[in-house]
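Trainee: A single structure is presented below for examination.
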Amino acid sequence: MSSPEQWTHPEPREGPAATAAAPSAEQVIAGLRATSEGGPELVQLLTPEGERVENPEFDRYVADVTAEDLRALYRDMVLVRRADREANALQRQGQLGIWVPLLGQEAAQIGAGRALRDTDMVFPSYREHGVAWCRGISPKEILGIFRGTDHGSWDSNAKRFHPYTIVIGNQVLNAAGYAMGQRFEGKVGDGDSEATMVFFGDGATSQGDVHEGFVWAAVYDAPLVFFCQNNQWAISEPTERQSRLPLYQRARGYGFPGIRVDGNDVLATLAVSRWALDECRHGNGPVLIEAFTYRMDAHTTTDDPTRYRHSDELEAWKLKDPIERVRVNLVRHEHADQDFFDSVQADADALAADLREFCFTMPEPPVRQMFDHVYAEASPFVDAQRDEFLAYQANFAGGEH
Amino acid sequence: MAAPVISKPNGSATTQSLTLGKALNLGLRTAMEADPKVIVMGEDVGKLGGVFRITDGLQKDFGEHRVLDTPLSESGIIGTAVGLAVRGFRPVCEIQFDGFIFPGFDQIVSQVAKLHARTLGRVRVPLVIRVPFGGGIGAVEHHSESPESYFAHTAGLKVVACSNAVDAYWMIQQAIQSDDPVLFFEPKRYYHSGFMKAEVDTTATPDPLFASRLVRAGSTATVVAYGPSVKVALDAATAAEEEGRSLEVIDLRSLSPLDLQPVFESVRRTGRLVVVSEAPSEASLTSEIAARVQQECFYSLQAPVLRVTGFDTPYPPAKLEEDFLPDLDRVLDAVDRSLAW
Numbered sequence: 001m002s003s004p005e006q007w008t009h010p011e012p013r014e015g016p017a018a019t020a021a022a023p024s025a026e027q028v029i030a031g032l033r034a035t036s037e038g039g040p041e042l043v044q045l046l047t048p049e050g051e052r053v054e055n056p057e058f059d060r061y062v063a064d065v066t067a068e069d070l071r072a073l074y075r076d077m078v079l080v081r082r083a084d085r086e087a088n089a090l091q092r093q094g095q096l097g098i099w100v101p102l103l104g105q106e107a108a109q110i111g112a113g114r115a116l117r118d119t120d121m122v123f124p125s126y127r128e129h130g131v132a133w134c135r136g137i138s139p140k141e142i143l144g145i146f147r148g149t150d151h152g153s154w155d156s157n158a159k160r161f162h163p164y165t166i167v168i169g170n171q172v173l174n175a176a177g178y179a180m181g182q183r184f185e186g187k188v189g190d191g192d193s194e195a196t197m198v199f200f201g202d203g204a205t206s207q208g209d210v211h212e213g214f215v216w217a218a219v220y221d222a223p224l225v226f227f228c229q230n231n232q233w234a235i236s237e238p239t240e241r242q243s244r245l246p247l248y249q250r251a252r253g254y255g256f257p258g259i260r261v262d263g264n265d266v267l268a269t270l271a272v273s274r275w276a277l278d279e280c281r282h283g284n285g286p287v288l289i290e291a292f293t294y295r296m297d298a299h300t301t302t303d304d305p306t307r308y309r310h311s312d313e314l315e316a317w318k319l320k321d322p323i324e325r326v327r328v329n330l331v332r333h334e335h336a337d338q339d340f341f342d343s344v345q346a347d348a349d350a351l352a353a354d355l356r357e358f359c360f361t362m363p364e365p366p367v368r369q370m371f372d373h374v375y376a377e378a379s380p381f382v383d384a385q386r387d388e389f390l391a392y393q394a395n396f397a398g399g400e401h
Numbered sequence: 001m002a003a004p005v006i007s008k009p010n011g012s013a014t015t016q017s018l019t020l021g022k023a024l025n026l027g028l029r030t031a032m033e034a035d036p037k038v039i040v041m042g043e044d045v046g047k048l049g050g051v052f053r054i055t056d057g058l059q060k061d062f063g064e065h066r067v068l069d070t071p072l073s074e075s076g077i078i079g080t081a082v083g084l085a086v087r088g089f090r091p092v093c094e095i096q097f098d099g100f101i102f103p104g105f106d107q108i109v110s111q112v113a114k115l116h117a118r119t120l121g122r123v124r125v126p127l128v129i130r131v132p133f134g135g136g137i138g139a140v141e142h143h144s145e146s147p148e149s150y151f152a153h154t155a156g157l158k159v160v161a162c163s164n165a166v167d168a169y170w171m172i173q174q175a176i177q178s179d180d181p182v183l184f185f186e187p188k189r190y191y192h193s194g195f196m197k198a199e200v201d202t203t204a205t206p207d208p209l210f211a212s213r214l215v216r217a218g219s220t221a222t223v224v225a226y227g228p229s230v231k232v233a234l235d236a237a238t239a240a241e242e243e244g245r246s247l248e249v250i251d252l253r254s255l256s257p258l259d260l261q262p263v264f265e266s267v268r269r270t271g272r273l274v275v276v277s278e279a280p281s282e283a284s285l286t287s288e289i290a291a292r293v294q295q296e297c298f299y300s301l302q303a304p305v306l307r308v309t310g311f312d313t314p315y316p317p318a319k320l321e322e323d324f325l326p327d328l329d330r331v332l333d334a335v336d337r338s339l340a341w
């Protein structure tokens, strides 16, 4: 197999030189290979067929994972997928303005999310419904963002899960600053220390803020795990449009380790995330993880992937489903019986039904909500606008418009 | 640019004669002593003490973890300050020059300004962004701009501008104590100028941060200014007095929120208003003031609100900046036109 560099940047051949904008036929083929395989440096502990493969470097980070733990990881993934599908359906039925599906990225998010401790801090992008689940945040608390009633209702201080950030890459710098603060406060240095994990996608790696975040976290030795979910597509643009180099290799240029993990392998993602967090706790951060995964659904419910990608690519990734490989492993080793799978499915359906019921009964936000929190301190100017508008609305209280 | 030589402050135990720059330095020092969560961050603010020496000596006394020489990355300065603020710090960011704030604009508008509202008040972002602003120093491009209107336009931000040493000392401390993000504009032209040197009594009770101040009483016309333009307005008032005209001068101090009640009261007495700012006029703070004054003082106005501002051009090469900047003569000309209406 060719080296990772060659997937996106092959040796020169006869004919016109390839560029990022006009890839050669070889690069196109190489790109597809990169998309479908992940390469020899991919850390994988569970194959798509559910085989546990040994990894001398990372086995120890999941040596304590029991059959019960694996069942719990399975349950997490099934439940977040079920909630995701329910929310997607709610959008199709007009109950949500938009939904951002996580389908296919369950292992990346649950593996990372379950590696975190309560004392760690998380900065998500806007697709991290699975990580939110691991932080004890109900899908209900996310729904308002997409129904248009609020921008997220969880307590980010208590849950240590920052609000969703929609401007691509902004949160990477915010996370770098937070992690710098952990270091300045002396919360770094041993296994009991704190760390921060920030989530972003392959598209975000082209943003200046992400590059600046790499620089800042590196020069301040911040305990920050950069968790890049490379789901292969930034809306319609493939990863080849963002980088000539496999993304994890960028870390080298900033002076910290980068690693590519099979993002559809929850066990490998858990192991690599634990390793990376451990490095950060001991003062060896930052670390970049590229979780190699696939966005099985559209970018959002407004997107139409049939315009820019082939269905055979999707079919190929279906064979690498993150949930199925764990199910196969549990069955093969007789770590779970049908009753278990039935009960997980029942829990998932109950979660979905509860989410649906909640969505239907979500109250409209009060008008004053938009005025009341612009500033922490008193704001007579905004208050006056609010009062004037409320009085204006009250004029119509009798129904006369 | 070369650093001017700054003499040691003198005076009594609680009153010191300070330049605007030295007053800022003392204010920062006092805030850092009062609260260990206050940290200063920016390009060259540590060993060098900042290109204007405003943070001189702070790193030596408070250490490298409280006075951060940062990478050359304005989005990074603001973006990491947001994370530090979420963590519980009170960062004071220095943007080296007005024209360099724009790489950080996204973080300021998208995160700094909106996090509190986004979280319905659960997350506070108590950070200060110090910006040396305005012209008159003969600099190259991007070193003389007045970008304050962008930030006053953005909900969630507070914006202030100091014009003298006493305010500099107090306002920087008040901005740091504020639980809201504050853009803090400093008239760089007067950092080390004797014009703005003043006796600073560190035991005095300061005026509120978000309040304008009547700095010269008068009856013929009202002149409103802020930052470096306050001196222009005061000089114009002195010159006008020789012609028997009594100009009232108000220093806005706070640009968002605007404290315009004193302006309204003044205009109701004088019937005439001239607004002075180095920023271009279109869609600016001076437009906002003109709109609000006509709304509140419509029947008191004897003439339209007139504005003396920088032109709606990019800031010009230094040889032209004296023509670009509002000066005493242009202010007096505007007063003449107002009176002749």
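Here the protein sequences line up with chains P and S, keeping their order.
Residues 1 to 401 (the UniProt record's numbering) make up the first sequence, in order.
Residues 1 to 341 (the UniProt record's numbering) make up the second sequence, in order.
We treat Cβ as the ideally placed atom computed from N, Cα and C, and that holds for glycine.
Quick caveat, the model's predicted, so the values are computed rather than measured.
When you compare the CB of P:F256 with every CB in chain S, is at least one pair closer than 8 Å?
Mentor: The residue labelled residue 256 of chain P in the question sits at position 256 within the first sequence. It does not: the Cβ of P:F256 has no partner Cβ on chain S nearer than 8 Å.
Trainee: Please confirm whether S:R118 has its beta-carbon closer than 8 Å to some beta-carbon of chain P.
Mentor: Here residue 118 of chain S corresponds to residue number 118 of the second sequence, with the count starting at 1. True, the Cβ-Cβ gap to chain P drops below 8 Å.
Trainee: How many Å lie between P:A348 and P:R117 at the Cα?
Mentor: For this step, residue 348 of chain P is matched to residue 348 along the first sequence. For this step, residue 117 of chain P is matched to residue 117 along the first sequence. For P:A348 and P:R117, the distance between alpha carbons rounds to 24 Å.
Trainee: Quick check on this structure: which residue in S:E288, S:D259, S:T313, S:L273 has the alpha carbon closest to the alpha carbon of S:W341?
Mentor: For the purposes of this step, residue 341 of chain S is taken as residue 341 along the second sequence, with counting starting at 1. Checking every option, the nearest Cα to that of S:W341 belongs to S:L273.
Trainee: Name the DSSP beta bridge partners of S:T15, please?
Mentor: Residue 15 of chain S sits at position 15 when you count from the first residue of the second sequence. Beta-bridge pairing links S:T15 to S:D201.
Trainee: Does any residue of chain C bring its CB to less than 8 Å from the CB of P:G39?
Mentor: Absent from the structure: chain C. Protein chains present are P and S.
Trainee: Chain S partners of residue 434 of chain P, CB-CB under 9 Å?
Mentor: An answer regarding residue 434 of chain P cannot be provided, because it is not within the stretch 1 to 401 covered by chain P.
Trainee: Of all the alpha helix (DSSP H) runs that stay within the bounds of the stretch 62 to 135 of chain S, which reach a length of 4 or more residues?
Mentor: For the stretch 62 to 135 of chain S, whole alpha helix (DSSP H) runs of length 4 or above, ordered along the chain, are 74 to 87, 115 to 118.
Trainee: Under a three-way DSSP split, which group does P:K320 fall into?
Mentor: Along the first sequence, read from residue 1 onward, the residue named residue 320 of chain P stands at position 320. In the structure shown, P:K320 sits in coil (DSSP, three-state: anything other than H, G, I, E or B).
Trainee: Against chain P, which members of the stretch 41 to 67 of chain S pass a CB distance test of less than 9 Å?
Mentor: Answer set for the stretch 41 to 67 of chain S: H65, R66.
Trainee: Is the number of C-beta pairs between the stretch 163 to 173 of chain P and the stretch 375 to 389 of chain P that are closer than 8 Å three or more?
Mentor: The answer is no - the stretch 375 to 389 of chain P does not touch the stretch 163 to 173 of chain P, with fewer than three Cβ pairs under 8 Å.
Trainee: Report the rounded CA-to-CA distance for S:S287 versus S:P132, giving the unit in angstroms.
Mentor: Counting from one through the second sequence, the residue named residue 287 of chain S turns up at place 287. Counting from one through the second sequence, the residue named residue 132 of chain S turns up at place 132. Straight-line Cα distance between these residues: approximately 23 Å.
Trainee: Using 10 angstroms around the beta-carbon of S:R60, count the other beta-carbons present and answer buried if the total reaches 16, otherwise exposed.
Mentor: Counting from 1 along the second sequence, the entry for residue 60 of chain S is found at position 60. At residue 60 of chain S the sequence reads Lys, which differs from the Arg that was named. Classification of S:K60: exposed, given that the 10 Å Cβ count is below 16.
Trainee: Whose Cβ in chain S lies nearer than 8 Å to the Cβ of P:D155?
Mentor: As a first step, residue 155 of chain P must be located in the first sequence, where it is residue number 155. Those are R122, listed as they occur along chain S.
Trainee: Return the bridge partner residues of P:N230 from the DSSP annotation.
Mentor: On the first sequence, position 230 is the one that residue 230 of chain P refers to. Partner(s): P:F292.
Trainee: Where S:G134 and P:G181 are concerned, what is the direct C-alpha to C-alpha distance, given to the nearest angstrom?
Mentor: Position 134 of the second sequence, counted from the start, is the residue given in the question as residue 134 of chain S. Position 181 of the first sequence, counted from the start, is the residue given in the question as residue 181 of chain P. Computed Cα separation, rounded: 33 Å.
Trainee: Name the residues in the stretch 150 to 183 of chain S whose C-beta lies less than 8 Å from a C-beta of chain P; which are they?
Mentor: Those would be A155, G156, K158, S178, D179, D180, in chain order.
Trainee: Going by other Cβ atoms of all chains shown within 10 Å of its Cβ, with 16 needed for buried, is P:R160 buried or exposed?
Mentor: Here the question's residue 160 of chain P lines up with position 160 in the first sequence. Buried, because 16 or more other Cβ atoms sit within 10 Å of the Cβ of P:R160.
Trainee: Just the C-alpha distance for S:Q177 and S:P36, rounded to the nearest angstrom, thanks.
Mentor: Position 177 of the second sequence, counted from the first residue, corresponds to residue 177 of chain S. Position 36 of the second sequence, counted from the first residue, corresponds to residue 36 of chain S. The straight-line gap from Cα to Cα measures roughly 12 Å.
Trainee: With the cut-off set at 8 Å, would you say S:S17 and S:K197 are in Cβ contact?
Mentor: Indexing the second sequence from 1 puts residue 17 of chain S at position 17. Indexing the second sequence from 1 puts residue 197 of chain S at position 197. Yes, the Cβ-Cβ distance between S:S17 and S:K197 is below 8 Å.
Trainee: Give a yes or no on whether the C-beta atoms belonging to P:F214 and P:S125 are separated by under 8 Å.
Mentor: Walking along the first sequence from the start, residue 214 of chain P turns up at place 214. Walking along the first sequence from the start, residue 125 of chain P turns up at place 125. Not a contact, by the Cβ cut-off of 8 Å.
Trainee: Taking only the alpha-carbon atoms, compute the straight-line gap between residue 342 of chain S and P:P257 and give it to the nearest angstrom.
Mentor: One cannot answer for residue 342 of chain S here, as it falls past the ends of chain S, which runs 1 to 341.
Trainee: Could you pull out every residue in the same chain whose Cβ sits closer than 7 Å to the Cβ of S:F97, ignoring the five residues on either side in sequence?
Mentor: Taking the second sequence and counting its residues from 1, one reaches residue 97 of chain S at position 97. Excluding positions up to five away in sequence, the list reads P132, H142, H143.
Trainee: Taking only beta-carbon atoms, is S:P257 less than 8 Å away from chain P?
Mentor: For the purposes of this step, residue 257 of chain S is identified with residue 257 of the second sequence, where counting begins at 1. For S:P257, the answer is yes, since a Cβ of chain P falls inside 8 Å of its Cβ.
Trainee: P:A132 to S:R122, Cα distance in whole Å?
Mentor: Counted from its first residue, the first sequence places residue 132 of chain P at position 132. Counted from its first residue, the second sequence places residue 122 of chain S at position 122. One C-alpha to the other measures close to 17 Å.
Trainee: Under 8 Å: do the stretch 287 to 298 of chain P and the stretch 224 to 243 of chain P share three or more Cβ pairs, one atom per stretch?
Mentor: As far as the Cβ criterion goes, the stretch 287 to 298 of chain P touches the stretch 224 to 243 of chain P, which means the pair count is three or higher.
Trainee: If you count every other CB in all the chains shown that lies within 10 Å of the CB of P:Q93, and 16 or more means buried, which is it?
Mentor: What you label residue 93 of chain P is simply residue 93 of the first sequence in a count that begins at 1. It counts as exposed.
Trainee: What does S:V82 touch in chain P if you count any residue whose Cβ is under 8 Å from its own?
Mentor: In the second sequence, the residue the question calls residue 82 of chain S occupies position 82. The contacting residues are L173, N174, G177.
Trainee: How far does the beta strand (DSSP E) with S:D251 in it reach, from first residue to last?
Mentor: As a position in the second sequence, residue 251 of chain S is number 251, starting the count at 1. Taken as a continuous stretch (DSSP letters only), the beta strand (DSSP E) holding S:D251 covers 247 to 251.
Trainee: Consult DSSP for S:R307 and reduce its assignment to one of helix, strand or coil.
Mentor: For this step, residue 307 of chain S is matched to residue 307 along the second sequence. Three-state DSSP puts S:R307 in a strand.
Trainee: With DSSP collapsed to three states, give me the class of S:G42.
Mentor: The residue you call residue 42 of chain S lines up with position 42 of the second sequence. The answer is strand: DSSP assigns S:G42 an E or B state.
Trainee: Quick one, which of S:K114, S:G138, S:I172, S:Y299 has its alpha-carbon nearest S:A318's?
Mentor: As a first step, residue 318 of chain S is located in the second sequence; it is residue number 318 there, counting from the start. Nearest C-alpha to S:A318: S:G138.
Trainee: Please confirm if residue 362 of chain S has its CB atom under 8 Å from at least one CB of chain P.
Mentor: Nothing can be reported for residue 362 of chain S, as the shown portion of chain S is limited to 1 through 341.
Trainee: Just list the residues that DSSP pairs P:G201 with in beta bridges.
Mentor: The residue given as residue 201 of chain P occupies position 201 in the first sequence. P:Q229, per the DSSP bridge assignment.
Trainee: Select from the stretch 361 to 375 of chain P all residues with a C-beta closer than 9 Å to any C-beta belonging to chain S, and list them in chain order.
Mentor: Residues passing the 9 Å Cβ filter: Q369, M370, D372, H373, V374, Y375.
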